[in-house]
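All remarks here apply to the structure that follows.
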């Protein structure tokens, strides 16, 4: 049996479209693994396939999606072979998710108490009064004061940071083995972001919980995750130990992301920040060869032919060897 909690091999995700005769290929040949108690950072621009992959792991992509994989194993079970009744036990019970915007993820018509207690009762064999007591403990655990009063609140009565803490309390209420945090600080003020990320990290360590932390900020993963994978246009382009990848990125896209951070490299006064020219190609307009080749300043002719394999953690025929200064 694998020592990994999660094993993904050659995951492909397609979407049926009325405008295209062939399904749109959104995620291509994605492979990665996750150990128990490990935090994996996933980085990429919008359209890179980060969120789609996580929704597939939760089994909530919908009828228009086609998900295939050589292996998609969680805790020894093949996820893609689960029936919906089996998914209901795994989803929210063993795999939980924190969504980007807590204000839209929480039901505005239901109290905090109802939503947390409902989640607990759906997965744990305890009484309603025990579930309420557990909800109070959870709110305290995520740093919410006066938890009994907060249970009576509706989402619109909460600040963004407090609403996200409620979402985290709901997510960990069933003791999941895997927590997917899909850009959990996007809708929050900068001052609250660090608090939420620190909270997730402390809960991970306390509960020996595996975490997939999705973000567009390499600075976040450098501080909170042990490993990182960089996605671009539905493909994994680089992966490795976080500190090594941050210091010595080998894929031109990763190098560009890191170089565009304020203070990442020395600049002359009044010179603009470095940036990556162009945009991520649409799903139905993917280039031949390396998906990054239309934007890459190091592109060569062989980069525009065939599929590019990932070798030694980087999907590039001409990986960069220079370190960031």
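Numbering (my numbering), first residue to last: 124 to 448.
Beta carbons: idealized from backbone N, C-alpha and C, even for Gly.
Secondary structure at residue 249: coil, using DSSP grouped into helix, strand and coil.
Along the region 189-227, the alpha helix (DSSP H) occurs as fully enclosed runs of 4 or more residues at 207-213, listed in sequence order. In the three-state reduction of the DSSP assignment, residue 377 falls in the helix class. Per DSSP, reduced to three states, the secondary structure at residue 270 is helical. The beta carbon of residue 303 is closer than 6 Å to those of 177, 220 and 335 in its chain, skipping five residues each way along the sequence. Each of 301, 253 and 340 was checked against the Cα of residue 327, and the nearest Cα belongs to 301. Burial check for residue 408: the Cβ neighbour count within 10 Å stays below 16, so the residue is exposed. By the neighbour-count criterion, in which 16 or more other beta carbons inside 10 Å mark a residue as buried, residue 143 falls on the exposed side.
Cβ contact annotation for residue 418 (same chain, cutoff 7 Å, sequence separation greater than five): 399, 400 and 401, in chain order. Here the region 161-181 makes contact with the region 341-353; the two share three or more CB pairs at distances below 8 Å.
Bounds of any alpha helix (DSSP H) do not take in residue 398, whose DSSP letter is neither H nor E.
For residue 319 against residue 308, the beta-carbon gap comes to about 5 Å, under 8 Å, which counts as contact. Residue 444 sits in coil when the DSSP states are folded into three classes, being neither helix nor strand. Taking residue 359 as reference, the option from 132, 231, 126 and 128 with the minimal CA-CA separation is 132. In summary, residue 199 is exposed, with fewer than 16 beta-carbon neighbours lying within 10 Å of its beta-carbon over all protein chains present. Scanning its chain for C-beta atoms nearer than 6 Å, with the 5 sequence neighbours on each side dropped, one finds around residue 324 the residues 347, in chain order. Contact between residue 369 and residue 381 holds: their C-beta atoms lie close to 7 Å from each other, under 8 Å. Approximately 6 Å separates the beta-carbon atoms of residue 267 and residue 285; this is inside 8 Å, confirming the contact. For the 9 Å CB-CB criterion, residue 406 and residue 188 do not form a contact.
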